[in-house]
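Data first, discussion second: the structure below is written as structure tokens.
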Amino acid sequence: MRAAAAILAGAALLVWPAALNGYPLVFIDTVSYLLHTTTGEPPWDKTQAYGPALHLFHWRLSLWPPMAAQGLAASHLVWLAQRALRGGASAAWHLGLCAGLAALTSAPWFLSTLMPDALTAMAPLCLFLLAFGRLSRAEAAWVTALGALAVAAHLSHLPVALGLVVLAALLARRPGPVLRAALPVLLAVLFLLGSNLAGFSRAVLSPHGATFLLARLQADGPAAVLLRARCPEAGWHLCAFTGSLPMDSDEFLWDGGSPLNREADGSPRPMGGMRGAEEAAAIVAATLRAHPLEVAQAALSNAVAQLLLTRVGDTLADTHLAASARRPVAAHFPARELAAFDAGAQMRGVLPDRAAPFLLPHLPVLAASVLAAFALLWRAARARDARRAALLVFALAALLGNAAVAGALSKPHHRYQARIAWLLPLAVALVLLPDCRGRPGQPGGAAEASAGTDRGRGGGAAQAATSMPIAGHRACRSATIWPKLSRGVSGPSSAPSAA
Numbered sequence: 003m004r005a006a007a008a009i010l011a012g013a014a015l016l017v018w019p020a021a022l023n024g025y026p027l028v029f030i031d032t033v034s035y036l037l038h039t040t041t042g043e044p045p046w047d048k049t050q051a052y053g054p055a056l057h058l059f060h061w062r063l064s065l066w067p068p069m070a071a072q073g074l075a076a077s078h079l080v081w082l083a084q085r086a087l088r089g090g091a092s093a094a095w096h097l098g099l100c101a102g103l104a105a106l107t108s109a110p111w112f113l114s115t116l117m118p119d120a121l122t123a124m125a126p127l128c129l130f131l132l133a134f135g136r137l138s139r140a141e142a143a144w145v146t147a148l149g150a151l152a153v154a155a156h157l158s159h160l161p162v163a164l165g166l167v168v169l170a171a172l173l174a175r176r177p178g179p180v181l182r183a184a185l186p187v188l189l190a191v192l193f194l195l196g197s198n199l200a201g202f203s204r205a206v207l208s209p210h211g212a213t214f215l216l217a218r219l220q221a222d223g224p225a226a227v228l229l230r231a232r233c234p235e236a237g238w239h240l241c242a243f244t245g246s247l248p249m250d251s252d253e254f255l256w257d258g259g260s261p262l263n264r265e266a267d268g269s270p271r272p273m274g275g276m277r278g279a280e281e282a283a284a285i286v287a288a289t290l291r292a293h294p295l296e297v298a299q300a301a302l303s304n305a306v307a308q309l310l311l312t313r314v315g316d317t318l319a320d321t322h323l324a325a326s327a328r329r330p331v332a333a334h335f336p337a338r339e340l341a342a343f344d345a346g347a348q349m350r351g352v353l354p355d356r357a358a359p360f361l362l363p364h365l366p367v368l369a370a371s372v373l374a375a376f377a378l379l380w381r382a383a384r385a386r387d388a389r390r391a392a393l394l395v396f397a398l399a400a401l402l403g404n405a406a407v408a409g410a411l412s413k414p415h416h417r418y419q420a421r422i423a424w425l426l427p428l429a430v431a432l433v434l435l436p437d438c439r440g441r442p443g444q445p446g447g448a449a450e451a452s453a454g455t456d457r458g459r460g461g462g463a464a465q466a467a468t469s470m471p472i473a474g475h476r477a478c479r480s481a482t483i484w485p486k487l488s489r490g491v492s493g494p495s496s497a498p499s500a501a
């Protein structure tokens, strides 16, 4: 009961901005995820995972339950991560971790928002726990399912997750951790293929993703150069607009007057991004063949720019919400829900000012976490503490990978990096926590030190540990910060206790 209470309290801390707002936070793109299941209209420009996940909790009644579920999932992952790093979990430390994340990082602002951004940092955490977290069978099944949802919820999550699976292979050098980390990624890929086959009759990862790549490549220049060289002979729709390119990628995608969204005679071209995906794929392929170095240089520049954009503020305003997220609430939810939506500080345009004082610690804490991460990684390597080193490497790689992917696929925005930035302060805080030291046979004792081999999921030690009453465990105490794992990083066969 103590663990459950701590996880619930941690979840409340991690979504506190909803209380400041008076309602769960939304973004302009939230409309697509709500309409997906309320009207049966699959979003052409997004994956089909997050909308059904929202519906699983809102049932056209209220948007509070899906937001609460996001906070609860994140709180439980923090609990499992604490247990993995310390050899046991403490309710007091858990509340301290969640309070720190809530006060000092971007975590609560994204966990309170009904967007796949809430899952961006959860995906790497799930993969780390599956590879190195010593989970029971039930925990591994839950984290695998959550990890699959997190990876499938946004297309940018997939390449980052694939990179982390490769990283797990390099760190673990054993098949067990790699296979466990790879399973949610495989499930996400299968879901994307199946859902796009059902929704768009194409078994591909992204039926219209080439449109977004073209937007980025023409904004950076290489695709605009190619169009001028190949047109009008190529016969592409965009050949009529070469004089207007390059242009801002967001304007190219969404502005009604952009070349993508109007005909050569100036008349509207409805769903231009969707209709132009096949042509976009051909232009992207030709650009990559003709200008590979220019594309690589632009991608690197965008990645660096994205890495430095980490502020929360661009998700808090009421910009376009009346014409987007409000529509499905007004059409498909009870009147009282719409009244609550309209009464929220975000919809009234005052949330940015209310939030501003609470956002001030984010950048200093992130900067300090970067410096601390490298120092702690060096110390973990010297102490041969494989699990702590793995968490730090995972967090750093996830932040770098996210910046590279988001910069290559889209125009750099603060939101894209801020959504995952809280993973690094969490990793640093977990690495700094004291270990749990128990009697031989308990977590932190002799049995823990010898649990380095991968004995398979759901082994006897895990079942014994998870079946004991939580109140009976008192193993977590301040002890040495750097235990030596003499036989590597253990798999999920020995789940430690909770204090």
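For reference, each letter of the sequence shown is one residue, going 3 to 501 in my numbering. For glycine and all other residues, C-beta sits at the position ideal for the given N, C-alpha and C.
Next item on the list: Can you say whether Ala221 is buried or exposed, counting buried as having 16 or more other CB atoms within 10 angstroms of its CB?
Entry: Buried.
Margin query: Quick test of the definition: if touching needs 3 or more C-beta pairs under 8 Å, does the region 298–313 touch the region 405–416?
Written below: In short, these stretches touch, since the Cβ pair count reaches three.
Check: Using CA coordinates, which residue listed in Met349, Cys128, Ser92 and Ala324 is at the minimum distance from Val180?
Finding: The residue with the shortest Cα to Cα distance from Val180 is Cys128.
Note to self: Quick check on Thr317: buried or exposed, where buried means 16 or more other Cβ atoms within 10 Å of its Cβ?
What the structure shows: Its Cβ being crowded by 16 or more others within 10 Å, Thr317 is buried.
Next item on the list: Measure the C-alpha to C-alpha separation of Ala212 and Ala298 and round it to an integer number of angstroms.
Entry: In a straight line, the C-alpha of Ala212 is about 17 Å away from that of Ala298.
Next item on the list: Could you say if the region 238–246 and the region 259–270 meet the contact criterion of at least three C-beta pairs nearer than 8 Å?
Entry: The region 238–246 and the region 259–270 touch, with no fewer than 3 CB-CB distances between them shorter than 8 Å.
Next item on the list: Assign Gly268 to one of two classes, buried (16 or more other C-beta atoms within 10 Å of its C-beta) or exposed (fewer than that).
Entry: Classification for Gly268: exposed.
Check: Is it true that the region 14–30 meets the region 96–116, where meeting means three or more beta-carbon pairs spaced less than 8 Å apart?
Finding: The region 14–30 makes contact with the region 96–116: 3 or more CB pairs, one atom from each, lie closer than 8 Å.
Notebook entry, point to check: Val433: which of Phe376, Pro330, Ala423 and Gln419 sits nearest, CA to CA?
Noted result: Checking every option, the nearest Cα to that of Val433 belongs to Phe376.
Next item on the list: Look at the Cβ atom of Ala423, then the Cβ atom of Leu368, and state whether they are nearer than 8 Å.
Entry: For Ala423 and Leu368, yes; Cβs fall inside 8 Å.
Next item on the list: Taking the CB atoms as reference points, tell me whether Val145 and Leu132 lie closer together than 8 Å.
Entry: In this structure, Val145 lies near Leu132, with their beta-carbon atoms less than 8 Å apart.
Next item on the list: For the alpha helix (DSSP H) holding Trp95, just list the boundary residues, first then last.
Entry: Where Trp95 is concerned, the enclosing alpha helix (DSSP H) stretches over Ala93 to Leu106.
Check: Taking the alpha helix (DSSP H) that Pro67 falls in, what are its first and last residues?
Finding: The continuous alpha helix (DSSP H) containing Pro67 extends over residues Trp66 to Arg88.
Checklist line | Presumed contact (8 Å Cβ cut-off) between Ala150 and Ala190, rounded CB distance | finding: The pair is a contact, with the Cβ atoms about 5 Å apart (cut-off 8 Å).
Check: Between which two residues does the alpha helix (DSSP H) carrying Val430 extend?
Finding: Following the DSSP letters along the chain, one finds Val430 inside the alpha helix (DSSP H) bounded by residues Leu425 to Leu434.
Next item on the list: May I have the straight-line CA-CA distance separating Met1 from Glu235, to the nearest angstrom?
Entry: For the chain, the structure presents residues 3 to 501; residue 1 sits outside this window and is missing.
Next item on the list: Name the one or two DSSP bridge partners that Pro270 has.
Entry: For Pro270, which the question treats as bridged, DSSP gives the partners Arg264.
Check: Taking buried to mean at least 16 other C-beta atoms within 10 Å of its own C-beta, is Thr122 buried or exposed?
Finding: Classification for Thr122: buried.
Checklist line | Leu157 - DSSP class collapsed to helix/strand/coil | finding: It is coil, neither helix nor strand.
Margin query: Quick check: what's the CA-CA separation for Ala93 versus Leu295?
Written below: Cα to Cα, the separation comes out at about 52 Å.
Next item on the list: Within its chain, find whatever has a CB closer than 8 Å to the CB of Ala2; leave out the 5 residues flanking it on each side and keep chain order.
Entry: Any answer about residue 2 is impossible in this case: the structure gives the chain only from 3 up to 501.
Notebook entry, point to check: What is the rounded straight-line gap between the Cα of Ala143 and the Cα of Ala152?
Noted result: The alpha-carbon separation between Ala143 and Ala152 amounts to approximately 14 Å.
Check: Given Trp81, which residues of its chain have a CB within under 6 Å of its CB, disregarding the five upstream and five downstream residues?
Finding: Answer for Trp81: Ile9, Ala91 and His96, listed in chain order.
Next item on the list: Given a cut-off of 8 Å, decide if Leu173 and Val352 are closer than it, judged by their beta-carbon atoms.
Entry: For Val352 and Leu173, no; Cβs fall outside 8 Å.
Note to self: Taking a contact to mean a Cβ-Cβ separation below 8 Å, would you say Ser251 touches Arg277 in this structure?
What the structure shows: Going by C-beta atoms, Ser251 is not nearer than 8 Å to Arg277.
Notebook entry, point to check: From Ala388, Pro44 and Ala171, pick the residue whose C-alpha is nearest to that of Ser203; which is it?
Noted result: The option with the nearest alpha carbon to Ser203 is Pro44.
Margin query: Suppose you measure from the CA of Gly73 to the CA of Gly201; what does that come to, to the nearest Å?
Written below: The straight-line gap from Cα to Cα measures roughly 30 Å.
Next item on the list: Go ahead and pull the three-state DSSP assignment for Leu207.
Entry: It is coil, neither helix nor strand.
Check: According to the neighbour-count rule (16 or more other Cβ atoms, all chains shown, within 10 Å of its Cβ), is Val33 buried or exposed?
Finding: So Val33 ends up on the buried side.
Note to self: Which residue marks the beginning of the alpha helix (DSSP H) containing Ala125, and which one marks its end?
What the structure shows: Where Ala125 is concerned, the enclosing alpha helix (DSSP H) stretches over Met124 to Phe134.
Next item on the list: Report buried or exposed for Asp355, applying the criterion of at least 16 other Cβ atoms within 10 angstroms of its Cβ.
Entry: When all chains shown are included, Asp355 counts as exposed.
Checklist line | Close beta carbons around Pro471, own chain, < 8 Å, minus the five adjacent residues each side | finding: Because Pro471 sits at a pLDDT of 30, beneath the cut-off of 50, its placement in the model cannot be relied upon, and the following sentence gives the value as read from the coordinates. Nothing meets the Cβ criterion.
Note to self: Whole angstroms are fine: how far does the CA of Ala283 sit from the CA of Ser208?
What the structure shows: Rounded to the nearest angstrom, the two C-alpha atoms are 11 Å apart.
Checklist line | Reference Ala337, options Ser64, Thr312, Gly12 and Leu36, closest by Cα | finding: Of the listed residues, the one whose Cα sits closest to Ala337 is Ser64.
Next item on the list: Would you mind sorting Leu192 into buried or exposed? The rule is 16 or more other CB atoms within 10 Å of its CB.
Entry: Label assigned to Leu192: exposed.
Notebook entry, point to check: With a Cβ-Cβ cutoff of 8 Å, do Pro68 and His78 count as a contact?
Noted result: No. Outside cutoff.
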